[in-house]
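Residues in the sequence shown are numbered from 1 upward in steps of one, following UniProt numbering.
The structure under discussion appears below in the form of structure tokens.
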Amino acid sequence: MRGPEFLDRYEGGLVLAGLLGPYAHRPDTVVLALPRGGLPVAYEVARRLGAPLDVFLVRKLGAPHHEELAMGAIASGGVRVINREVVDELHVSDAQIDATAEREGLELQRRELRYREGRPPPDVRGRTVILVDDGLATGTTMRAAVAALRHQGPERIVVAVPVGATESCEDLAAEADEVICARMPEPFYAVGLWYRDFAQTSDEEVRELLARAAQERGAGVEQPSVM
């Protein structure tokens, strides 16, 4: 297997931004990151595109005794997406799903309060939303985000990640209006393998990046144009 594709999430964001040139400096475009790992990626994308940056809260539902394996996901607005293949294979009961969803729902609310600090969610009606994460493995979390966003009436949803499993990127094309996976290595295994530095993104880093993006945008900081 070849080595990592990216030094870190910021480099992944720069590479991804280069594939999103048609969306640069368009007033109808907003970049939404899936925290926490999606924030460093989305920060670079938003800077290069000259677009506002915000978060879209989604929580993975880890399977019992296999927390790293997504059996589903929940998103803001009460949306729940279940990966029936995983649930059936591991014989997960409805009660276990409900208990996990309740626990993760509390964490989703905590992050919503901590990251937004009183700011309302962005109004995406009639806009192009570029939904960014650091990668796609099963794609369950991203599917929950797309489903939740659809209820808010955007004109277009673009899923954008630096790296993803080929099958997941292809499957999401049926749900999003456009899917951009900068790299689709085979075999895939896991998102973290394709970054040299895949340290966990902290709540503090999320808040700092959101504040920095807002400050730079308010100050009219110019970024190199995206080719």
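C-beta: ideal position from N, C-alpha, C; glycine also.
Keep in mind it's a predicted model, so treat the numbers as computed, not measured.
Pairwise C-alpha distance: residue j and residue i
i, j, result
"Leu172", "Ala70", "16 Å"
"residue 234", "Pro185", "Since the first and last residues shown for the chain are 1 and 227, residue 234 lies out of range."
"Met227", "Gly18", "Residue placement at Met227 is poorly supported in this model, since its pLDDT is 47, which falls under 50; the coordinates still yield a value, given next. Answer to the nearest angstrom: the Cα atoms are 6 Å apart."
"Pro121", "Thr141", "19 Å"
"Arg14", "Ala214", "This sequence places Leu at residue 14; Arg is not what is there. Cα to Cα, Leu14 sits roughly 18 Å from Ala214."
"Leu108", "Cys181", "26 Å"
"Gly155", "Val58", "This sequence places Glu at residue 155; Gly is not what is there. About 21 Å."
"Val132", "Leu34", "6 Å"
"Val179", "Glu112", "26 Å"
"Arg207", "Glu216", "14 Å"
N- and C-terminal bounds of the alpha helix (DSSP H) containing residue i
i, result
"Asp98", "Asp94 to Arg116"
"Asp171", "Thr166 to Leu172"
"Gly38", "Gly38 to Leu49"
"Asp54", "It is not in any alpha helix (DSSP H) - Asp54 instead sits in the beta strand (DSSP E) that spans Leu53 to Val55."
"Leu90", "Arg84 to Leu90"
Secondary structure of residue i, DSSP reduced to three states
i, result
"Met227", "Since pLDDT at Met227 reaches only 47, below the 50 mark, its modelled position is unreliable, and no value is offered."
"Thr29", "strand"
"Leu20", "coil"
"Tyr189", "coil"
"Ala137", "coil"
"Gly77", "coil"
"Gly13", "helix"
"Ala214", "helix"
"Glu178", "strand"
Host beta strand (DSSP E) of residue i (start-end)
i, result
"residue 292", "For the chain, the structure presents residues 1 to 227; residue 292 sits outside this window and is missing."
"Met184", "Here Met184 belongs to no beta strand (DSSP E), and DSSP marks it neither H nor E."
"Leu61", "Val58 to Ala63"
"Leu131", "Thr128 to Val132"
Buried versus exposed, by CB contacts within 10 Å (16 or more), residue i
i, result
"Asp54", "buried"
"Gly38", "buried"
"Pro40", "buried"
"Glu104", "buried"
"Arg114", "exposed"
"Asp134", "buried"
"Tyr195", "buried"
Validate contact between the region 34–45 and the region 6–22 using beta carbons, cut 8 Å, 3 pairs: Yes, they touch.
Validate contact between the region 144–153 and the region 70–79 using beta carbons, cut 8 Å, 3 pairs: Because the criterion of three Cβ pairs below 8 Å is met, the region 144–153 and the region 70–79 touch.
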